[in-house]
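Enquirer:
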Amino acid sequence: MSQLDLDKLFAKIEELKPKFIERLTDAVAIKSVSGDESLRPEVVKMSDFLVKELTTLGFKDIVQKPLGTQPPPVVNPDIQLPPVVLARSGSDPSKKTVLIYGHYDVQPASIEDGWNTDPFVLTHDKVKDILYGRGSTDDKGPVMGWLNVVEAHNELGLELPVNLVCCFEGMEESGSLGLDDLIAKEASDYFKGVDTVCISDNYWLGTKKPVLTYGLRGVHYYEIAIKGPGADLHSGVFGGMIGEPMTDLIKIMSSLVDSQGKILIKGIADMVAPLTPEEDKLYDTIDFSIDELNAATGSKTSLHDNKKDALKHRWRYPSLSLHGVEGAFSGVGAKTVIPAKVIGKFSIRTVPNIEPAKLDKIVIDHCNEVFKSLNSVNSIDAHLLHDGNYWVSDPYNDSFASAAKATKHVWGVEPDYTREGGSIPITLTFENELKTGVLLLPMGRGDDGAHSINEKLDMSNYINGCKTLGAYLHYYSKV
Ligand SMILES: [Zn+2]
1 MSQLDLDKLF AKIEELKPKF IERLTDAVAI KSVSGDESLR PEVVKMSDFL VKELTTLGFK
61 DIVQKPLGTQ PPPVVNPDIQ LPPVVLARSG SDPSKKTVLI YGHYDVQPAS IEDGWNTDPF
121 VLTHDKVKDI LYGRGSTDDK GPVMGWLNVV EAHNELGLEL PVNLVCCFEG MEESGSLGLD
181 DLIAKEASDY FKGVDTVCIS DNYWLGTKKP VLTYGLRGVH YYEIAIKGPG ADLHSGVFGG
241 MIGEPMTDLI KIMSSLVDSQ GKILIKGIAD MVAPLTPEED KLYDTIDFSI DELNAATGSK
301 TSLHDNKKDA LKHRWRYPSL SLHGVEGAFS GVGAKTVIPA KVIGKFSIRT VPNIEPAKLD
361 KIVIDHCNEV FKSLNSVNSI DAHLLHDGNY WVSDPYNDSF ASAAKATKHV WGVEPDYTRE
421 GGSIPITLTF ENELKTGVLL LPMGRGDDGA HSINEKLDMS NYINGCKTLG AYLHYYSKV
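Residue numbers (UniProt numbering): 1 to 479.
1) For E431, which option in S393, Q80 and T468 has the closest C-alpha, if you only look at C-alpha atoms?
2) Out of curiosity, what's the CA-to-CA distance linking M459 and L131?
3) For residue 481, is the beta carbon positioned less than 7 angstroms from some heavy atom of ligand 1?
4) Is H386 near ligand 1, in the sense that its beta carbon is under 7 angstroms from a heavy atom of that ligand?
5) Shortest alpha-carbon distance to L320 belongs to which of I338, N294, V351 and A340?
6) Taking any heavy atom of ligand 1 as the mark, which residues have a C-beta closer than 5 angstroms to it, listed down the chain?
7) If I follow the unbroken alpha helix (DSSP H) through S235, where does it start and stop?
8) If distances are taken between C-alpha atoms only, which option among E169, K341 and L177 comes closest to S47?
9) Nearest-angstrom Cα distance between residue 489 and P18?
10) Among D201, R40 and P82, which one has its Cα closest to the Cα of S136?
11) According to DSSP, is G324 part of a helix, a strand, or is it coil?
12) Around the C-beta of I79, are 16 or more other C-beta atoms found within 10 angstroms, so that it is buried, or is it exposed?
13) Just the Cα atoms here: how many angstroms apart are V149 and W115?
14) CB V84 to CB L67, shorter than 8 angstroms?
15) Measuring only the C-alpha atoms, how far is N375 from E292?
16) As a quick exercise: from N163, L156 and T117, pick the residue whose alpha carbon is nearest that of K97.
17) Run the CB neighbour count on residue 481, radius 10 Å, all protein chains shown included, and call it buried at 16 or more, exposed below.
18) If distances are taken between C-alpha atoms only, which option among K227, K361, G465 and V106 comes closest to L39?
19) Since H153 and D360 are thought to touch, with beta carbons under 8 angstroms apart, how far apart are those beta carbons, to the nearest angstrom?
20) Determine, using beta-carbon pairs with one atom in the region 118-129 and one in the region 190-206, whether at least three such pairs fall under 8 angstroms.
21) Once DSSP output is grouped into helix, strand and coil, what is the label at I426?
22) Flag F10 as yes when its Cβ comes closer than 7 angstroms to any non-hydrogen atom of ligand 2, and as no otherwise.
23) Among H451, H474, S477 and G470, which residue has its Cα nearest to the Cα of E151?
24) Cα-Cα, which of W146, P41, P71 and S34 is closest to S89?
25) Indicate whether F346 and P339 have their beta-carbon atoms separated by less than 8 angstroms.
26) Please state whether DSSP places N154 in a helix, a strand or coil.
27) Considering only their Cβ atoms, is the gap separating T418 from L275 smaller than 8 angstroms?
28) Tell me, which residues are paired with K456 by DSSP?
29) Runs of 3 residues minimum, wholly inside the region 344-412: which ones carry the beta strand (DSSP E) assignment?
30) Can you give me the Cβ contacts of D139 inside the same chain, cut-off strictly under 6 angstroms, excluding the 5 residues immediately before and after it?
31) Going by DSSP, which residues form a beta bridge with G437?
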């Protein structure tokens, strides 16, 4: 598509704006909260809504893939997982095929939580030009964005420049149950021939500059269980006579990390990929400041005095957080209990090139060795609770280069290249099962309040977001 054609596409997107707002309004009105079993029919209704829209827009092979019964813990043991909606537009072998992923379920929301407007009524604040509503940015806005792009093409009588394969799930906010298996199963079937995957389910880092996201940290979550007496005891009666589990646990937990955030377990830092000058440069231009960090935390507790170090520690270095102690006294007042069994919880956010199995061994061995050095009469069981691996892509590959061009074209600036400190496990599943690259191309801003009250999407992000998604497909079709 020539420059002229993209201009036509952008003009059509502007022209269809009222229609696009209506589409998002209809989507937000469906209370597709996946974490609330009583609202499961609404989640299914949302998948039906997508099927209706996709049908109207001319998509083919539209299927609602059942994922079976939801595994425990559940209230209703027969409750069915919402289906994954699959659809395709075009199957021209001379074109590239892009798989787009999004989710149609949302986080819970109720006006009593402190919303200024009904969370399930998309409300347009015309002064600020902002759309408020649950799912506006996470992730109904971006999902409707893809549909909008197709509608604009249809209205112009233009073919899409690529074949599009949609994969929209309804369980993302509740652990994407069943999706890994479906992707593995469809990799050689429905998803056969996919050249690249584009996920629009994340956000700009800040509020001013668009970003492309090329990395996510992984997480390994551990427990240290220390067992002592057979039951909780009174310190006045037994204090001084027995070994106390809490004393051991605090010693071990204090050996994991220091107050500057430095991980004290030997061998982890050695596995971290060295910082290249090229990577270091990516941090120079990023729209972020320590003031923004302080605003986000409501404090002045930053461990770093400059944005580059702060971001590197969020994105490309591991961190260890102590989360809690199960079984310990945690109420107010002065209860004189000796807890019989305590379980310390901590996790490590992982980065390249930490090897998962090696990390687990180093961590568990460390806990056991520290415990041994205490000469305690108690017993220890340190183990991994769950893990998910990190993901990092080449930010200069064809898909990222196309997204960068699209962003520049629409927003007039080069995007920042960001990572995220948290995980989107499905990213890695797509990459591993489809053997293709994955691009995270966000629509909303860092202050959209995705899981919080008054979730919003700025109108400019919605409309320019549609343009960016459309332009991305065009630039990618030509690489
Ligand atoms: Zn999301």
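Cβ coordinates follow ideal geometry from the N, Cα and C atoms, glycine included.
Because the structure is a prediction, the values reported are computed rather than measured.
Expert: Taking the definition as stated:
1) Selection S393, Q80 and T468 evaluated against E431 yields S393 as nearest (Cα-Cα).
2) Straight-line spacing of the CA atoms in M459 and L131 works out to 6 angstroms.
3) Only positions 1 to 479 of the chain appear in this structure, which leaves residue 481 out of reach.
4) No.
5) Answer by Cα proximity: V351.
6) Matched residues: D138, D139 and D201.
7) Segment S235 to F238, the alpha helix (DSSP H) holding S235.
8) For the residues E169, K341 and L177, the minimum Cα distance to S47 belongs to E169.
9) Since the displayed the chain opens at 1 and closes at 479, residue 489 lies outside it and no answer follows.
10) The residue with the shortest Cα to Cα distance from S136 is D201.
11) Strand.
12) Result: exposed.
13) If I take the Cα positions, the gap works out to 31 angstroms.
14) Going by C-beta atoms, V84 is nearer than 8 angstroms to L67.
15) Using only the alpha carbons, I get a separation of about 46 angstroms.
16) Rather than Lys, the amino acid found at residue 97 in this sequence is Thr. Taking only the C-alpha atoms, the option nearest T97 is N163.
17) The requested residue 481 is not part of the displayed model; the chain covers only 1 to 479.
18) Ranking K227, K361, G465 and V106 by Cα distance to L39 puts V106 first.
19) Going by Cβ atoms, the distance from H153 to D360 rounds to 49 angstroms, so no, they are not a contact pair.
20) Not touching, per the Cβ criterion.
21) I426: helix per DSSP, three-state reduction.
22) No copy of ligand 2 appears in this structure; the ligands present are ligand 1.
23) With distances taken between Cα atoms, E151 lies closest to G470.
24) Nearest option by C-alpha distance: W146.
25) F346 places its beta carbon 8 angstroms or farther from that of P339.
26) Per DSSP, reduced to three states, the secondary structure at N154 is helical.
27) It is not a contact, given that the beta carbons lie outside the stated cut-off.
28) BP columns for K456 point to Y132.
29) The region 344-412 contains, as complete beta strand (DSSP E) runs of 3+ residues, the segments 379-388 (chain order).
30) Apart from the 5 residues on each side of it in sequence, D139 sits with its Cβ closer than 6 angstroms to the Cβ of G102, H103 and D201 in its chain, given in chain order.
31) Per DSSP, T196.
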